[in-house]
Amino acid sequence: MTTTTDLDRTVETYLAFWNADGDEQRRIAAAVFAPDVEHRAPIGVTTGVGPLVEFRRQLTAEIGAITVTARRAPDLHNDRARVPWDIVLADGTSIGTGTDVLELDGDGRVRAITTFIDRPPAGFDLHAHGEEEPARAG
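When the letters of the sequence shown are read in order and numbered with the numbering used here, they come out as residues 1 to 138.
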């Protein structure tokens, strides 16, 4: 059974993943995500850790250094966490907010992420992205 303390720790590690690069990010990913983690977001659906690492890499390549922070404490119950987040540029400017709902597996690792965009970054069209078949890690 997943405890509130376990969920809190998983959420902290999850946020650390989005703020890390390279080997550190891969180390964090191995600890926090199930190997077949599914990510459902307005931009599409992916399966596996590799696509999450690549998404983060593409995001920072496009907009520069970012920090993902929790806007408030997550809501926790059973094996779920609702994490409201903010994407902040190096100069402190918030460029987007959203909410991720995390689902944990029996080992306490994130097995599914559902992302809702509350305030998209400028120029991001939520409706320009369609549902596609999940991308699989290779």
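For glycine and all other residues, C-beta sits at the position ideal for the given N, C-alpha and C.
Between residue 25 and residue 53, the gap from beta carbon to beta carbon is short of 8 angstroms.
Counted as a single uninterrupted DSSP element, the beta strand (DSSP E) harbouring residue 118 occupies residues 110-119. Looking at the backbone, the Cα of residue 90 and that of residue 8 are separated by about 26 angstroms. Distance from the Cα of residue 35 is smallest, within the candidate group 104, 70, 85, for 104. Shown here for residue 98: same chain residues with a beta carbon closer than 7 angstroms to its own, the five before and five after excluded, namely 85, 115, 116, 117, 118 in chain order. Going by C-alpha positions, residue 28 is about 6 angstroms away from residue 17. Excluding residues up to 5 positions away in sequence, 47, 112 lie with their Cβ nearer than 6 angstroms to the Cβ of residue 38 in the same chain. Of the candidates 77, 123, 120, 95, 77 places its Cα closest to the Cα of residue 11.
Here the C-alpha atom of residue 61 lies approximately 33 angstroms from the C-alpha atom of residue 107. Rounded to the nearest whole angstrom, the CA to CA distance from residue 95 to residue 5 is 30 angstroms.
Separation of residue 64 and residue 80 (C-alpha to C-alpha, rounded to the nearest whole angstrom) is 31 angstroms.
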